[in-house]
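**Student:**
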Amino acid sequence: MTIQEYPHHLKTPLNASTMEDSPKPQKQYWRFSKQDFFPEPSFHNFSTYKHALTQTPTRIKNRVFSRSTESSELIQLKKESENEMKQCLTWWDLIWLGFGSVVGSGIFSITGQETRLNAGPGIILSYAMSGFSALLSVFCYTEFAVDIPIAGGSFSFLRIELGDFVAFIAAGNILLEAIVGAAGLGRSWSSYFASIISKDADFLRIKIGFLADGFNLLDPLAVLVLVLANGVAMTGTRNTSILNMVSSIVSAGVILFIIVVGFIHGKSENLVPFFPFGAGGVFRAAAVVYWSYTGFDMVANLAEETKKPSRDIPLGLVGSMSVISVVYCLMALALTMMVKYTEVDVNAAYSVAFEGIGMNWAKYLVGICALKGMTTSMLVGSMGQSRYTTQIARAHMIPPWFALVHPKTGTPIYATLLTTITSCVLALFTSLDVLSSVFSFSTLSIFMLMAVALLVRRYYVTDVTLKYDLVKFLLCLFVVIGSSIGATVLWSMNEKVWVGYTVTGGFWLLGTLGMAILPKQRHPKVWGVPLVPWIPSLSIGMNIFLIGSLGKAAFYRFIICSAVMLIYYVLVGVHATYDMAHPDKQESVIEEGNESSNQVS
């Protein structure tokens, strides 16, 4: 079903006759009325809301099978922001934004933890595996972003191809990713800063004895740096881009220094044993260090502010991620050659490593530049995640007040404040290891859905694809997903029976081959993923496998968070989006709600 524009007069239903033909007055940006948060008729008053709740099953059924359109995402929903975002970014900006967003978001904060606890020197292969999986996802993001250059990123892409309900689940995970990712970076920034002035990475944190482990070290410095970074991001896209470019050039020089010095002072005997925790440890680490590659979706998410998306986005995404994957493997190799994996510091690995080889001055240099890298990650992350939030609000899955774009800065200030405040609260209490596992699960699940959405985009077009071809495609897709889950379950159960892997791998091959011989219903307009369906199918398998490599705690946290999202969807989200999709029915909703109220009274 096509999602239509939500008419302005339905936001003020009682004045529809007088407002319909009159010009829209210029509204102030700073406003906080109920109408700005809940303009939908279902929330007009308590009676209409009760009536809407009685229609919940019907509305859920409608939204599950509803798909948006490109014109709705690109044109109609943008009107909810009232002001345009400024198209001010070139391919050069996107390359450095990609570098600034990705490098520093995990390499300085997660490498030490996973080397010490899970992978040992095998962390190099963990980064290689995650980098390859990330590159597969990059291909999927690039095709969508070139064809649909909108701020919604994966949310809009999934809404168009997989429907409104799946997009909501993705939206909840996107917001979770924004909050957890920013909080994790804030905690890492605090650890590195503390390591510069003390050997104790928790030196600047306040311990609260009655709180549970993992939540008992308050971090006010993390809160402060998050507030400052997000404040800069709110001033304007171009300003943030220039600041990121300057900082990223400095960080690139320091990374080169780390790699060269690490090889010069490294010892090959530190790489033995290479798999101290076995192959399972390498895969578990790969699932977590995937965090180090997140941020590339921020570049795709800035498509609405890019001057020429068809040229700039492929250069910014594919080119930068290929280089970053190689750089990460070299940095991991340099670390494990400098320091025995049993002596790697969990919180500030590189700074402490240079101190261990007698280069105290280099310790401070690396610490300061690591802070710069994490700061640019927070800057670009804040900018990108607020764009996600803006498009989610444009669709009314959260209050549309968060979709408003400031007329002078051209930035969504309210959306930025939402992610800032929630991430600050989380960063104040929660430790890095707890944050990273939740973040990885959310990110991997979204990337897996993006690969599914790309296959749907290529093989299914409404009212064009024959029913017989659709059934065959869905069967092949089910086989690919099912075989990937099967292989992951075997690995998680430590069942190292190659017969099982041969069977699941064979089914994956048959499912992908079956799709390959089906007729494609749509071809990319400008830039497309090569080797479809093989690359998206492989991306599905690798992301599911990495999800399965996470610990049970990550699954439990993910299930709890998803349950909270579903409760919100049933009580609020489904009714707001239903109203958006059916503007012609909403005046009757108000009337029916008022009638039921009169009958009760």
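Oh and the sequence shown: position 386 is 369 in my numbering, straight run, nothing missing. No residue lacks a Cβ here, since even glycine has one placed at the ideal position from N, Cα and C. Nothing here was measured: the structure is a model prediction, and the numbers come from that model.
1) Ile180 to Tyr333, Cα distance in whole Å?
2) Relative to the C-alpha of Lys62, which residue among Val388, Arg50, Gln368, Ile78 is closest?
3) Taking C-beta to C-beta, are Ala410 and Thr372 nearer than 9 Å?
4) Looking at the secondary structure, which residues open and close the alpha helix (DSSP H) in which Ile404 lies?
5) Expressed to the nearest angstrom, what Euclidean distance is found between the alpha-carbon atoms of Asn45 and Tyr561?
6) What does the alpha-carbon distance come out to for the pair Met(-16) and Thr52?
7) Are there 16 or more other CB atoms within 10 angstroms of the CB of Thr394, so buried, or fewer, so exposed?
8) Compute the Euclidean distance between the alpha carbons of Cys123 and Leu108, then round it to the nearest angstrom.
9) Taking contact to mean at least 3 C-beta pairs separated by less than 8 Å, is the stretch 512 to 528 in contact with the stretch 433 to 451?
10) My parser needs the alpha helix (DSSP H) runs of 4 or more residues fully inside the stretch 203 to 236; what are they?
11) Is Val329 near the ligand GDP, going by C-beta to nearest heavy atom under 8 Å?
12) Whose CA, out of Ala536, Val47, Gly105, Ile530, lies closest to the CA of Phe258?
13) Count the other CB atoms within 10 Å of the CB of Ala564; is the residue buried (16 or more) or exposed (fewer)?
14) Could you check where the alpha helix (DSSP H) with Phe528 kicks off and where it finishes?
15) Can you tell me where the alpha helix (DSSP H) holding Met548 begins and where it ends?
16) Throw me the rounded Cβ distance for the Ser173 and Leu194 pair, which I believe falls under 8 Å.
17) Assuming Ile527 and Ser467 form a contact by the criterion Cβ under 8 Å, report the distance between their Cβ atoms to the nearest whole angstrom.
18) Excluding sequence positions up to five away, which residues of its chain have a Cβ less than 8 Å from the Cβ of Glu160?
19) Can you give me the start and stop residues for the alpha helix (DSSP H) that Ser30 sits inside?
20) Report yes if the CB atom of Gly364 is closer than 9 Å to the CB atom of Leu168, and no otherwise.
21) Taking only the alpha-carbon atoms, compute the straight-line gap between Ala269 and Ala262 and give it to the nearest angstrom.
22) What number of angstroms, rounded off, separates the C-alpha of Leu521 from the C-alpha of Tyr110?
23) What span of residues does the alpha helix (DSSP H) with Thr471 cover, start to end?
24) Could you tell me the alpha carbon to alpha carbon distance between Lys450 and Gly489, rounded to whole angstroms?
25) For my contact list, Trp384 and Phe20 are in at a C-beta cut-off of 8 Å; report their separation, rounded to the angstrom.
26) Between Ala315 and the rest of its own chain, which residues show a CB-CB distance below 7 Å, the 5 nearest in sequence each way excluded?
27) Name the DSSP bridge partner or partners of Thr125?
28) With 16 as the cutoff for other CB atoms within 10 Å, does Tyr539 come out buried or exposed?
29) Looking at the structure shown, is Leu108 part of a helix, part of a strand, or coil, going by DSSP?
30) Once you ignore the five residues that flank Ile530 on each side, which residues in its own chain have a CB closer than 6 Å to its CB?
31) Does the beta-carbon of Arg325 have 16 or more other beta-carbons within 10 angstroms, so that it is buried, or is it exposed?
32) Going by Cα to Cα distance, which pick from Tyr273, Asn253, Ala537, Pro566 is closest to Leu119?
33) Could you give the DSSP three-state label for Thr289: helix, strand or coil?
34) Could you give the first and the last residue of the continuous alpha helix (DSSP H) run that contains Tyr76?
35) Which first and last residues belong to the alpha helix (DSSP H) in which His558 is found?
36) Please report how far the alpha carbon of Lys251 lies from the alpha carbon of Thr405, in whole angstroms.
**Tutor:** According to the structure data:
1) 15 Å
2) Val388
3) no
4) 396 to 412
5) 8 Å
6) At Met(-16), the pLDDT of 42 sits below 50, so the modelled position is not reliable and the matter cannot be decided from this model.
7) buried
8) 23 Å
9) yes
10) 203 to 217
11) Absence of the ligand GDP from the depicted structure is noted, as is the absence of any ligand whatsoever, leaving it without description.
12) Gly105
13) buried
14) 517 to 531
15) 535 to 551
16) About 17 Å; that fails the 8 Å criterion.
17) 4 Å
18) Thr277, Gln368, Phe422, Ser425, Thr426, Ile429
19) 29 to 37
20) yes
21) 11 Å
22) 17 Å
23) 450 to 475
24) 27 Å
25) 5 Å
26) Thr94, Ile106, Ile107, Tyr110
27) Its beta-bridge partners do not exist; DSSP assigns none.
28) exposed
29) helix
30) Leu427
31) According to the sequence provided, residue 325 is Thr. The question's Arg does not apply to it. Burial call: exposed.
32) Tyr273
33) strand
34) Note on residue identity: the sequence assigns Asp, not Tyr, to residue 76. Start and end: 74 to 85.
35) 557 to 564
36) One detail in the question is off: residue 251 reads as Ser in this sequence, not Lys. Distance between the alpha carbons of Ser251 and Thr405: 44 Å.
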